[in-house]
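**Student:**
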Amino acid sequence: MNPVPGALRRALVLFPIAIVGLAASAAGPAGGDAAGVAEVADTRWLSYNGTADGQRYAHVGQITPANAGQLAEHCRIKLDGSGSLHTGLVQLDGVLYLTTAHDTIALDATNCAQRWRHHYTPEQPEVFPVNRGVAYANGKLFRGTSDGRLLAIEAATGKTLWQQQVGDPLQGEFFSAAPIVWQGLLIIGSAGSDWGVRGRIMAYEQDSGREVWRFNTIPRGKEPGAETWHERGTARYGGGGSWTHYSIDMSTGEVFVPVGNPAPDILPGHRPGKNLYTDSMLVLDARTGALKWYHQIVSNDGHDLDLGAAPMLYHDSKGHPIAAIGSKNGHLYGVNRETRKRVFDTPIARIENEGVQPTAAGLRTCPGVLGGVEWNGPAFDVKNKAIVVGVVDWCSTITPKPQQDFIPGQFMLGGSWKMDDESYGWVHAVDPDSGKIRWSYKADGPVVAGVTPSAGGVIFTGDMAGNFLALDSATGKLLYKTQTGGAVAGGVITYALGGTQYVASTSGNVSRLTFGVSGSPTLILYKLGGQGGASLTSSVGASSGSGGTGAAIYSSVCSACHGANAEGGVGPSLKGVSARLGLAKTIEWIKNPSSKMPKLYPSPLDEAAVAAVAAHIQKY
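FYI, my numbering numbers position 16 of the sequence shown as 40, with every residue one higher than the one before it.
Written as structure tokens, this is what we have:
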């Protein structure tokens with residue numbers, strides 16, 4: 025059986041308007057100037073990965089390899105002054121929905137104009153101020169918060185419909201994932217592996233927020249898999265958080281969940297055993313939460329090798345149902361969803377000291393603790409029958425040290441790591457049957473952003489060096505590249521409205537030792553023959569770049585690396601900084617940091633913001 029007709033049949037059921045648009049573009053001219061391209065029918069992008077199967081394929085083809093060089097920036101909107109921007113994008117009926125750590129924003133999807141902005145003020149201390157987007161169903165938007173809440177927001181107005189506390193931030197629990205919706209349910213998992221939470225996946229009623237079921241990703245007692253924690257007490261704080269989005273097989277009612285690392289991250293001897301269900305793809309019954317099956321990628325992980333991206337579901341050329349899994353270990357896996365066996369295992373980044381246990385002398389590992397496939401996973405190029413995946417290539421040296429037992433709300437890493445000076449990224453096209461790499465594009469910076477193939481034969485993505493990219497999906501040839509002014513760490517999607525194809529991209533990100541330029545959180549639209557240098561520019565939301573309190577700026581910009589209480593984590597501890605440096609030297613240190621720290625001054629942090637955050641950390 026050929027998978028493409030099946031994929032198109034499914035698309036006809038789910039997106040009939042999109043298929044009409046594809047036919048219109050196919051009938052029109054393939055190239056020429058921007059004014060001469062064919063019009064297309066309106067399309068939508070209804071979830072984090074476009075469709076429930078996670079394929080991220082856009083059925084719109086006005087932009088082609090012949091005219092992609094005519095892309096230009098059409099408009100941009102500044103969303104916040106600084107902080108993380110990992111959000112996926114949702115586009116419905118001409119409105120873009122996206123999130124920052126605290127805001128949910130609705131924008132006109134043709135001109136970047138704000139429709140409304142919903143601001144959430146944390147009610148408890150935040151664990152990790154980041155959010156990866158919303159789910160949409162029946163006129164409602166759903167998202168989590170960094171202090172353990174779940175929100176339902178009216179899509180038309182931005183009004184809060186309900187709010188529930190569903191996690192405990194004082195224990196390190198928070199909700200960064202973009203939820204997924206299914207038949208009246210809202211499915212999301214708690215994050216916080218690096219803080220030593222006991223992970224779980226939950227389903228809630230969309231109308232009320234009432235919990236319907238839960239599955240513990242770290243089994244205890246009589247739960248199946250509890251025996252894989254040989255020191256049973258370590259399962260109390262075993263990790264297994266869920267960082268990002270999920271996928272659903274609509275034909276079977278199964279939800280595919282990527283599960284994060286065990287805790288402590290790099291002390292495997294502290295928690296002997298296979299440590300189920302960490303670093304695993306869980307397959308749960310979407311209606312009940314019951315475990316159907318699982319596939320563990322790494323057991324007793326000592327290198328912090330989460331599964332952090334949604335598995336992508338497709339059928340191979342013989343009609344076999346496959347799950348494509350991208351891992352932080354630098355591999356792409358194909359797993360048959362019927363036999364539950366691996367059909368391929370493809371290294372897609374540098375691999376060094378894989379499976380070697382870290383020692384006190386330090387161990388260099390590749391792709392490293394921030395490498396491999398991060399929170400945006402594989403996509404499926406229907407046009408060329410290929411898996412397309414973005415990768416981070418960034419080696420690190422990890423050094424374990426004895427870990428105290430769980431300290432609520434603090435990092436539980438079991439050591440430290442030092443990242444190499446050099447980092448870069450890849451976009452690979454991979455044969456969906458054999459796993460063989462067909463072509464590769466080496467990017468200037470790590471590729472963390474969403475990778476989106478389209479019916480026009482163009483792949484859209486971005487890198488952490490700040491580049492927005494358009495590639496020929498058949499060959500990997502670079503068609504268009506432009507500097508956005510900030511790291512591209514979130515969604516990149518494409519859609520058609522009013523006869524014009526747009527590409528929407530995030531830009532600007534400060535989090536976890538930013539892999540390059542940081543920039544201010546921004547949304548940018550591109551189209552053929554856009555405004556170019558005359559791009560329409562506006563801003564929305566409260567700026568944390570100036571005028572904010574030192575505590576708020578620290579939480580937004582600094583805590584991801586240095587810990588909520590300056591205890592250290594990915595970055596060094598700031599305890600005792602007042603005695604070591606004093607206020608004046610701390611200000612100078614922030615303005616002129618070492619090469620290991622992001623350059624934050626004069627943008628996104630201005631003079632006042634630097635002074636405020638420097639004063640704040642003196643208390644530690």
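Where a beta carbon is used, it is the ideal one built from N, C-alpha and C, also for glycine.
Computed from a prediction, not measured in an experiment: that's the story for all the values here.
Tell me the DSSP bridge mates of residue 83?
**Tutor:** Secondary-structure assignment with DSSP links residue 83 through no beta bridge to anything.
**Student:** Is residue 253 helix, strand or coil by DSSP?
**Tutor:** Three-state result, residue 253: coil.
**Student:** Expressed to the nearest angstrom, what Euclidean distance is found between the alpha-carbon atoms of residue 646 and residue 337?
**Tutor:** In the structure as shown, the chain begins at 25 and stops at 644. Residue 646 is therefore absent and cannot be evaluated.
**Student:** Is the number of C-beta pairs between the stretch 245-252 and the stretch 185-205 that are closer than 8 Å three or more?
**Tutor:** no
**Student:** Quick one: any contact between the stretch 365-380 and the stretch 293-310, if contact means 3 or more CB pairs under 8 Å?
**Tutor:** Pairwise C-beta distances place the stretch 365-380 out of contact with the stretch 293-310, as fewer than three of them are shorter than 8 Å.
**Student:** What does residue 240 pair with, by DSSP beta-bridge criteria?
**Tutor:** 224
**Student:** When you compare the CB positions of residue 197 and residue 233, do they come within less than 7 Å of one another, or not?
**Tutor:** The answer is no: Cβ separation not under 7 Å.
**Student:** In the structure shown, what three-state DSSP assignment does residue 235 receive?
**Tutor:** strand
**Student:** How would you write the range of the beta strand (DSSP E) that residue 607 sits in, first residue to last?
**Tutor:** First-last for residue 607: 606-615, but that is the alpha helix (DSSP H), not the beta strand (DSSP E).
**Student:** For residue 542 and residue 237, what's the separation of their Cα atoms in angstroms?
**Tutor:** 39 Å
**Student:** In the DSSP output, which residue or residues are listed as bridge partners for residue 484?
**Tutor:** 476, 494
**Student:** Among 155, 266, 550, 395, which has the Cα closest to the Cα of residue 447?
**Tutor:** Closest in C-alpha terms to residue 447, from the list 155, 266, 550, 395, comes 395.
**Student:** Candidates 530, 635, 552: which alpha carbon is nearest residue 523's?
**Tutor:** 552
**Student:** Go ahead and label residue 617 buried or exposed: buried means 16 or more other beta carbons lie within 10 angstroms of its beta carbon, across all protein chains shown.
**Tutor:** exposed
**Student:** Inspect the CB distances between the stretch 76-94 and the stretch 161-181 and report whether three or more fall short of 8 Å.
**Tutor:** no
**Student:** Which runs of the beta strand (DSSP E) spanning at least 3 residues fall entirely within the stretch 141-192, listed in chain order?
**Tutor:** 159-161, 164-168, 173-178, 184-189
**Student:** Residue ranges of each alpha helix (DSSP H) run of no fewer than 4 residues wholly in the stretch 359-410, ordered along the chain?
**Tutor:** Within the stretch 359-410, no complete alpha helix (DSSP H) run reaches 4 residues.
**Student:** Using 8 Å as the threshold, is the stretch 103-121 in touch with the stretch 154-161, meaning 3 or more CB pairs across them?
**Tutor:** yes
**Student:** Take every Cβ of the stretch 314-326, pair it with every Cβ of the stretch 391-410, and state whether three or more of those distances are shorter than 8 Å.
**Tutor:** A contact between stretches requires three or more CB pairs, one per stretch, nearer than 8 Å, and the stretch 314-326 fails this requirement with the stretch 391-410.
**Student:** Using the DSSP secondary-structure output, state which residues sit across from residue 449 in a beta bridge.
**Tutor:** Residue 449 is bridged by DSSP to 416, 467.
**Student:** Is residue 423 near residue 80, with beta carbons less than 7 Å apart?
**Tutor:** no
**Student:** So for residue 290, helix, strand or coil by DSSP?
**Tutor:** coil
**Student:** Considering only the beta carbon of each residue, do residue 333 and residue 397 sit closer than 7 Å?
**Tutor:** A Cβ-Cβ contact shorter than 7 Å links residue 333 with residue 397.
**Student:** Please state the DSSP three-state secondary structure of residue 637.
**Tutor:** helix
**Student:** Classify residue 135 as buried or exposed, calling it buried when 16 or more other Cβ atoms lie within 10 Å of its own Cβ.
**Tutor:** Classification for residue 135: exposed.
**Student:** Answer yes or no: do residue 297 and residue 268 have a C-beta to C-beta separation smaller than 7 Å?
**Tutor:** no
**Student:** Quick check on this structure: which residue in 260, 510, 467 has the alpha carbon closest to the alpha carbon of residue 294?
**Tutor:** 260
**Student:** With DSSP run on the structure shown, which of helix, strand or coil describes residue 138?
**Tutor:** Strand.
**Student:** Indicate the three-state DSSP secondary structure (helix, strand or coil) for residue 311 in the structure shown.
**Tutor:** coil
**Student:** So for residue 462, helix, strand or coil by DSSP?
**Tutor:** strand
**Student:** Whole angstroms is fine: what's the gap from residue 468's alpha carbon to residue 414's?
**Tutor:** Here the alpha carbon of residue 468 sits roughly 13 Å from the alpha carbon of residue 414.
**Student:** Taking all protein chains shown into account, decide if residue 73 is buried (16 or more other Cβ within 10 angstroms of its Cβ) or exposed.
**Tutor:** buried
**Student:** Excluding the 5 residues flanking residue 380 on each side, which residues of the same chain have their C-beta closer than 7 Å to its C-beta?
**Tutor:** Shown here for residue 380: same chain residues with a beta carbon closer than 7 Å to its own, the five before and five after excluded, namely 387 in chain order.
**Student:** Look at the alpha carbon of residue 461 and the alpha carbon of residue 506, and state the distance between them as a whole number of angstroms.
**Tutor:** 26 Å
**Student:** Taking the beta carbon of residue 634 as the centre, do at least 16 other beta carbons fall within 10 Å, making it buried, or is it exposed?
**Tutor:** buried
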